[in-house]
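In full-length UniProt numbering, the protein residues as written are 1 to 141.
Cβ atoms here follow ideal geometry from the backbone N, Cα and C, with glycine treated the same way.
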C-alpha cells in the first residue's frame with residue numbers, strides 16, 4: 001500500500017527536506033511537490049491524492065486556506081516551527097500538526113494514526129465517514 005502524497009512549502013530548502021522525509025517512508029509515494037499554494041490546490045483538485053503535507057505560513061494562501069479548498073477526502077498534515085498553530089489546526093480539520101523540522105518518526109506517528117482510522121490497502125478511506133473533518137488532530141513532537 002502506498003499513500004499518494006503531495007508536499008507544499010514556500011521555502012525551497014524546507015520543501016526538499018520534507019520531500020526526502022516522504023521519499024524514505026515505505027507507506028508514502030511522493031506524487032508532486034510545490035512551492036506555490038495555488039498550483040498545489042489546482043493539482044489536489046484534479047489528481048488522485050491521499051495526503052498533503054503543507055506548511056502553515058506561506059504567501060498568497062496559508063496552509064489553513066489550503067485545507068479549506070482541497071477535497072475533504074485528502075488527509076492534511078500541517079507543519080510549522082510555531083506550535084501555537086496546533087489549536088487552529090484542530091479547528092481547520094487537519095489530520096495532524098507536525099512541528100518543524102519534520103522527522104521520519106513524526107511522519108510515521110501521524111501516518112499510523114490515520115491508518116488506524118481506516119485507510120485501506122488501496123490508500124483510500126474504507127468508509128465515506130472517515131473524512132479528515134471527523135477526527136481530532138494529533139500534535140506530534
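{"Asked": "Starting from the Cα of residue 88, find the closest Cα among 56, 74, 110, 52 and give me that residue.", "Found": "56"}
{"Asked": "Roughly how far, in whole angstroms, is the beta-carbon of residue 15 from the beta-carbon of residue 7, given that I think they are within contact range, below 8 Å?", "Found": "6 Å"}
{"Asked": "For residue 121 and residue 2, what's the separation of their Cα atoms in angstroms?", "Found": "Interpretation of residue 121 is limited by its pLDDT of 49, a score under 50 that renders its predicted location unreliable; no figure is taken from the coordinates."}
{"Asked": "Residue 80: buried (16+ other C-beta within 10 angstroms of its C-beta) or exposed?", "Found": "buried"}
{"Asked": "Would you check if the distance between the CB atom of residue 4 and the CB atom of residue 62 is smaller than 7 Å?", "Found": "no"}
{"Asked": "My understanding is that residue 67 touches residue 104, with C-beta atoms under 8 Å, so please give their C-beta distance in whole angstroms.", "Found": "Contact flag wrong, Cβ pair sits at about 24 Å."}
{"Asked": "Based on Cα-Cα distance, which residue from 70, 54, 38, 20 lies nearest to residue 99?", "Found": "54"}
{"Asked": "Please name the residue in 32, 70, 26 whose C-alpha comes closest to that of residue 112.", "Found": "26"}
{"Asked": "Just the Cα atoms here: how many angstroms apart are residue 83 and residue 19?", "Found": "21 Å"}
{"Asked": "Measuring straight from C-alpha to C-alpha, what distance separates residue 95 and residue 85?", "Found": "13 Å"}
{"Asked": "Would you grab the beta carbon distance between residue 71 and residue 44 for me? Rounded to a whole angstrom, and I think it's under 8 Å.", "Found": "7 Å"}
{"Asked": "Report back the beta-carbon spacing between residue 75 and residue 114 to the nearest angstrom; my notes put them in contact at under 8 Å.", "Found": "5 Å"}
{"Asked": "Assign residue 37 to one of two classes, buried (16 or more other C-beta atoms within 10 Å of its C-beta) or exposed (fewer than that).", "Found": "buried"}
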